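*Asks:* Residue numbers (the working numbering): 3 to 135. Cβ atoms here follow ideal geometry from the backbone N, Cα and C, with glycine treated the same way. Quick caveat: nothing in here was measured; it's all calculated off a predicted structure. I'd like to ask you about the structure that follows.
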Amino acid sequence: MIERIFNGRNGIDIISLCALMLALLFMPYKWTWLLAVALIGYALFRCFSKNIYKRRQEVWKFQNGLMRFAQFFARNTAGMRNFFKYISLKWKNRKTTVYFKCPKCRKILSLPRHKGKLAVTCTVCGHEFIKKT
3 MIERIFNGRN GIDIISLCAL MLALLFMPYK WTWLLAVALI GYALFRCFSK NIYKRRQEVW
63 KFQNGLMRFA QFFARNTAGM RNFFKYISLK WKNRKTTVYF KCPKCRKILS LPRHKGKLAV
123 TCTVCGHEFI KKT
């Protein structure tokens, strides 16, 4: 019976699943309930649509846009990820290591803690300076 209903129809795809998941998020709230019902209607429209070619084009555009968003997000959050990686490394080694920046190129350098005054040479720019640990 169900097989005959979906014969020649688009069926469930990624866009209808995303619409249903968004509807589930919006459903419990009083002011967004109508939006949830509209999303459920859109998902049902996509499932029962006979224009499969058009729905496949929409899925391709959706996946392409999703991939572009993921690449944009990965590219623009690299600095934030490096910052948190540095903070966690600094916290983990706080008893044995001193972290500081080169005064010339601002590269983060590290030295062992409690060794007195040490002459430091930056690995990037070659600038020499004295640092108290």
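Can you tell me whether DSSP reads SER112 as helix, strand or coil?
*Replies:* strand
*Asks:* I need the DSSP call for ILE42, collapsed to helix, strand or coil.
*Replies:* helix
*Asks:* Note down the Cα distance separating LEU19 from ILE54, rounded to an integer number of angstroms.
*Replies:* 16 Å
*Asks:* Please state whether the Cβ-Cβ distance between CYS49 and GLY10 is less than 8 Å.
*Replies:* no
*Asks:* With a 10 Å radius around its C-beta and 16 neighbouring C-beta atoms as the bar for buried, classify LEU26 as buried or exposed.
*Replies:* By the 10 Å Cβ count, LEU26 comes out exposed.
*Asks:* Taking 8 Å as the cut-off, decide whether the C-beta atoms of PHE28 and ALA38 are in contact.
*Replies:* yes
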